[in-house]
Amino acid sequence: MASFRASCARLAIAASLAGLNVSAPPAAAQSARTVTVLDGGWRFSAEDVAEASAPDFADATWTQVSVPHTWNRVGYYKHDLGGTNTAATVDKRQGIGWYRLHFATPTGARGKRHWLEFDAASRVAKVWLNGTYLGEHRGGFSRFRFDATAAMKASGENVLVVRVDNAQPKVGGSTADVLPLSGDFFVHGGLYRPVRLVTTAPLHIDLADAGGPGVRATTVKADKDQAHVDLVVRVQNDTAKASKASVRVRLIDRDGAEAASATVPATLAPGKVGEVAARLTVAGPHLWHGTADPYLYDLVTQVVQADGTVSDEVRQAYGLRSMAFDPDRGFLLNGQPYRLRGVGYHQDRDGKGWAISREDVAEDIATLREMGANTIRLTHYQHGQDVHDLADRAGMVVWDEIPLVSVWTLGGSKVPDPALVANAKSQLTELVRQNQNHAASAIWSIANEVDFGNSIPSFMFGGADGREVDPMPLLNELQKTAKALDPSRPTALATCCEARAFGNDIEIPTTAAAADLGGANRYFGWYFGKPGDLGPHLDGLRAKRPQQPLAVTEYGAGGALTMHTDNVLGGPADSRGAAQPEEYESHIHETALAQLDARPWLYATWLWNSFDFATTVRTEGDAQDINTKGLIAYDHKTRKDAFWFYKANWNAEPMVHITSKRYVDRAYPVTDVKVYSNTASTELLLNGRSLGVKSDCPQKACVWSGVRLDEGSNALVARGVHAGGTVEDSARWMLAPETARRFVIDAGTLLAAKSEGRVLGSDNWFEGGQAASLDKPADFGKPAVPTAIAGTTDRAALATYRSGTFSYRVPVADGATR
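With this note's numbering applied, the sequence shown corresponds to residues 19 to 836, in that order.
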């Protein structure tokens, strides 16, 4: 980024703990940095008014907002579960937004340096202070800073103005060279992460290090006996003279004791950045060991002037650990196999969009830990410091990713624009520099699903853009960039299409070899194939590249809160339309997990997705503009059945959960009852009657088959017994008189149609045959095209049927004789 350029004079100075005086620390910071959060008092306008950058522009009529802020609200359910967004509250406008803030110069600012720090602005931001243009940042996900010293008033009121633009990229447009160009997620606009004023002494740790802390720490060794941490500290001398100073780095344990320190003297040239190298050696370190023991030290870096004054200080949590990836043993943490089981994660939530708080992120981390996840794939862009900080503290290993998603050219071009390549490298640089000191950060991902080839779905980006374009030159450039920035971590990318069955006219590029690690996004049983195809497919990928560690980076299915099926095999799910019952989502996850657990050589599995999220390319399930593959709804609170399936398998805390609770009004008088339970034994009761006890259930899923419901209310209680006592869960289902006495089967369907005057159940109790439909499937990403059927008001029920040779065994009760 041109605005962050600085001349660097490298000082090849290294020191270790041995032989140095590590007694008392230097004098307390007298001129160290201060940070002022600029959250309140902002004014916002969605009108593009060029003169709004002027300090005396009249903004009193603009909307009062606080930052974080976005004007966008996208995605809603067609019911009152899981979120508060409605069609009336949605705002999908993409384009310009202006922000203005009046703030006072801090006391004692004379002689100091002032930086404006933005944790993110989407997706292009231009910044003015007191009418002085400070610069532009292109990229909607990373922290950036501008030196505001010359524009800051010595005292009194300042006027900060920011113009943001989140326009959808198009040829010749304002964001045509800013990733992402496409993606199955909505790019919200605004100042959606915090803004701060950072004030420092003239001699300070570099604030122009691609948004990073100016301190680069790498644990080069970590075992029970010893740890080594290599550091590079960038120090900016903004005085007019050379400065003799020292850089002091210390590692402080939780008890406040100094575990290691090093002090390196340096002579810093005026107006330049010097890089000071140091090494910390820690005897008997307390290692960061994932969720079991996420131990963190404080890494304290100080610039100490010749008179002993601390002119600047940066303090970060820091974990000592080693990580490795092996094609046969999987992921190794501190030398031992450590199976990574986790989720993909988008940063938006109902009612807030991307303008979420640290408390929101903490709630999400707690929810994922409750489920038993120990890793997060941060998709499909750089996430903020809050989630990284909290992942460090929770022990959750992180996959970081840049927003190179599916498309990287516009207008049918066969090669990416040089400006876009530069933007991709800039976003990768910011990702690494801002997150390389986090213990949780393990992987730098350089792309997601750039191997569609000419099979790319038209709904992703409106036609031919990105088709038949070779991704390898760009991927090779990004791989080279990542390894230069941080050779201590592996790179990765996620593929969608290699080795999948396509038509003869489909050409799929092989991209996995461009990165160190492989990652497969595979939706068997949802977008293609059968659920049981996943394992053999992974075996095939492994056989093609036996030396490359492999993970599953996405798998799953949509799950609608208000849609239910009586038999997950009754008919096909509709990944492009309405038929997305909650039970089918669970079926896909149950089937997938069994296959994944049987392959311990996978270094990680990340299901898709933790939470429902906003996208404008979907009308499916019971939602509009929401990807419904989350295990938790868009409100980040309402848990679907699949969440409890993983909790039973991944979290040892005793639990039981009755599935299909939301299927209250039952279509049939006989049903199977499934309970997820990790207790030693589980009893099921119906209206107080015991239906039996089960134990050692496969995948923690206990099933009571052929349960005959009572007419009217049915109170179910699942009671699990464990060493410490019992746990219970309950549900209440209703069986109406008309459904208690008859079975009306909607043949060939997973989701029963609505019918006038009767209740239909989905296809059930069949043997043989295949589900079929008169309706014609459409292009990927769109629902089926309905076929008109004359002479009926039950068109949807009649459109599906069972074909071939089949029979039904319906569990009717014995009748009375006369």
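Ideal placement from N, C-alpha and C gives every residue a C-beta, glycine not left out.
This structure is a prediction, so every number in the text was calculated from the model and none was measured.
**Message:** Please return the same chain residues whose Cβ sits closer than 8 Å to the Cβ of M490, not counting the five positions on each side in sequence.
**Reply:** Position 472 of the sequence shown, counted from the first residue, corresponds to residue 490. Within the same chain, M490 has close Cβ partners P527, T529 and A532.
**Item:** Cβ-based neighbour list, V189, same chain, cut-off 8 Å, excluding 5 preceding and 5 following
**Value:** Against the sequence shown, residue 189 aligns to sequence position 171. Cβ within range, chain order: L428 and G429.
**Prompt:** Do the segment 575 to 584 and the segment 615 to 624 make contact, defined as three or more Cβ pairs closer than 8 Å?
**Reply:** no
**Where S821 falls, given that 16 or more other Cβ within 10 Å makes a residue buried** = The sequence position of residue 821 within the sequence shown is 803, counting from 1. The residue in question, S821, is exposed, as its Cβ has fewer than 16 Cβ neighbours within 10 Å.
**Request:** Starting from C720, follow its DSSP beta bridges and name the residues at the other end.
**Result:** Against the sequence shown, residue 720 aligns to sequence position 702. Per DSSP, V693.
**Request:** Check the C-beta distance from G158 over to V205 and give it rounded, since I have them as a contact under 8 Å.
**Result:** Start at 1 with the first residue of the sequence shown, and residue 158 comes out as number 140. Start at 1 with the first residue of the sequence shown, and residue 205 comes out as number 187. Correct: roughly 6 Å between the Cβ atoms.
**Request:** Taking only the alpha-carbon atoms, compute the straight-line gap between T236 and S604 and give it to the nearest angstrom.
**Result:** One-based indexing of the sequence shown puts residue 236 at position 218. One-based indexing of the sequence shown puts residue 604 at position 586. Answer to the nearest angstrom: the Cα atoms are 41 Å apart.
**Prompt:** Is it the case that the Cβ atoms of L768 and P567 are separated by a distance below 8 Å?
**Reply:** The residue given as residue 768 occupies position 750 in the sequence shown. The residue given as residue 567 occupies position 549 in the sequence shown. No, they are not a contact pair.
**Asked** Counting Cβ pairs, one atom from each stretch, are 3 or more of them under 8 Å apart for the segment 710 to 719 and the segment 741 to 756?
**Response** no
**V108 - DSSP class collapsed to helix/strand/coil** = Against the sequence shown, residue 108 aligns to sequence position 90. V108: coil per DSSP, three-state reduction.
**Asked** With respect to the beta strand (DSSP E) encompassing P283, which residues constitute its N-terminal and C-terminal limits?
**Response** Walking along the sequence shown from the start, residue 283 turns up at place 265. E276 to L286 is the span of the beta strand (DSSP E), which, as asked, contains P283.
**Request:** Quick one: grab the DSSP three-state call for A500.
**Result:** Here the question's residue 500 lines up with position 482 in the sequence shown. Three-state result, A500: helix.
**Message:** Between T583, G101, K290 and G149, which has its C-alpha nearest V842's C-alpha?
**Reply:** Since the first and last residues shown for the chain are 19 and 836, residue 842 lies out of range.
**Request:** Assign G833 to one of two classes, buried (16 or more other C-beta atoms within 10 Å of its C-beta) or exposed (fewer than that).
**Result:** Taking the sequence shown and counting its residues from 1, one reaches residue 833 at position 815. Looking at its Cβ environment, which holds fewer than 16 other Cβ atoms inside 10 Å, G833 is exposed.
**Item:** Closest by C-alpha distance to A138, when choosing among T823, G126 and R214
**Value:** As a first step, residue 138 must be located in the sequence shown, where it is residue number 120. When each option's Cα is compared against that of A138, the closest is R214.
**Message:** Quick check on the burial criterion: 16 or more other C-beta atoms within 10 angstroms. Buried or exposed for Y151?
**Reply:** By one-based count along the sequence shown, residue 151 stands at place 133. Exposed is the call here.
**Prompt:** Hey, how far is the Cα of Q354 from the Cα of R272?
**Reply:** As a position in the sequence shown, residue 354 is number 336, starting the count at 1. As a position in the sequence shown, residue 272 is number 254, starting the count at 1. Approximately 25 Å between the Cα atoms of the pair.
**Asked** Looking only at DSSP bridge pairs, what is R268 linked to?
**Response** Sequence index remark: in the sequence shown, residue 268 carries index 250 (1-based). Paired residue(s): S279 and V318.
**Request:** Put A578 into one of helix, strand or coil per three-state DSSP.
**Result:** Numbered from 1 along the sequence shown, position 560 holds the residue referred to as residue 578. A578: strand per DSSP, three-state reduction.
**Message:** I'd like to know whether the C-beta atoms of V328 and T319 end up nearer to each other than 8 Å.
**Reply:** Taking the first residue of the sequence shown as position 1, residue 328 is located at position 310. Taking the first residue of the sequence shown as position 1, residue 319 is located at position 301. For V328 and T319, no; Cβs fall outside 8 Å.
**Message:** Less than 8 Å between the beta carbons of G371 and V92, yes or no?
**Reply:** Counting from 1 along the sequence shown, the entry for residue 371 is found at position 353. Counting from 1 along the sequence shown, the entry for residue 92 is found at position 74. Yes, they are a contact pair.
**Item:** Secondary structure of I374, DSSP reduced to three states
**Value:** As a working note, residue 374 is residue 356 in the sequence shown. DSSP places I374 in coil when its eight states are reduced to three.
**Prompt:** Among L709, A719 and R759, which has the Cα closest to the Cα of N729?
**Reply:** Reading the sequence shown from its first residue, position 711 is the one you call residue 729. The sequence shown places Glu at residue 729, rather than the Asn named in the question. E729 has its Cα closest to that of R759, out of L709, A719 and R759.
**Prompt:** If you measure from the beta carbon of R297 to each beta carbon in chain C, is any gap under 8 Å?
**Reply:** Considering every chain present, this structure includes no chain C. It has just one protein chain.
**Message:** What does the alpha-carbon distance come out to for the pair P44 and S279?
**Reply:** For this step, residue 44 is matched to residue 26 along the sequence shown. For this step, residue 279 is matched to residue 261 along the sequence shown. Any reading at P44 needs caution, since the residue's pLDDT is 37, under 50, leaving its predicted position unreliable; the model's value is listed next. Their Cα atoms are separated by approximately 12 Å.
**Prompt:** Counting only runs that start and end within the segment 547 to 608, where is the alpha helix (DSSP H) found for 4 or more residues in a row?
**Reply:** 552 to 562
**Cβ neighbours of S459 in the same chain (closer than 6 Å, five flanking residues each side left out)** = In the sequence shown, residue 459 corresponds to position 441, counting from 1. Closer than 6 Å at Cβ, skipping near neighbours: V416, D418 and N453.
**Request:** Report buried or exposed for T656, applying the criterion of at least 16 other Cβ atoms within 10 angstroms of its Cβ.
**Result:** In the sequence shown, the residue the question calls residue 656 occupies position 638. When all chains shown are included, T656 counts as buried.
**Prompt:** Hey, quick one: how far does the alpha helix (DSSP H) through E756 stretch, first residue to last?
**Reply:** Here residue 756 refers to the residue found at position 738 of the sequence shown. Note, E756: alpha helix (DSSP H), P755 to A758.
**Asked** What are the residues that DSSP puts in a beta bridge with I676?
**Response** The count along the sequence shown starts at 1 and reaches residue 676 at position 658. I676 is bridged to V693.
**Item:** Nearest residue (CA-CA) to H222, options L816, G201 and L286
**Value:** Taking the first residue of the sequence shown as position 1, residue 222 is located at position 204. Ranking the options by Cα distance to H222, first place goes to L286.
**Request:** Would you mind sorting T810 into buried or exposed? The rule is 16 or more other CB atoms within 10 Å of its CB.
**Result:** The residue you call residue 810 lines up with position 792 of the sequence shown. Label assigned to T810: exposed.
**Prompt:** Which value, in whole angstroms, describes the spacing of the CA atoms of R111 and A596?
**Reply:** Locating residue 111 in the sequence shown gives position 93, where the first residue counts as 1. Locating residue 596 in the sequence shown gives position 578, where the first residue counts as 1. Roughly 26 Å between the two C-alpha positions.
**For F349, the three-state DSSP class (helix, strand or coil)** = The residue labelled residue 349 in the question sits at position 331 within the sequence shown. Note: F349 maps to strand in three-state DSSP.
**Message:** Once the 5 residues before and after V250 are set aside, which same chain residues still bring their CB inside 6 Å of it?
**Reply:** The residue labelled residue 250 in the question sits at position 232 within the sequence shown. Excluding sequence neighbours, V250 sits near R234, E293 and A295.
**Message:** Since N148 and P73 should fall inside the 8 Å C-beta cutoff, what is the C-beta to C-beta distance between them, to a whole number of angstroms?
**Reply:** Translated into positions along the sequence shown, residue 148 becomes position 130. Translated into positions along the sequence shown, residue 73 becomes position 55. Indeed they touch by this definition, with Cβ atoms about 5 Å apart.
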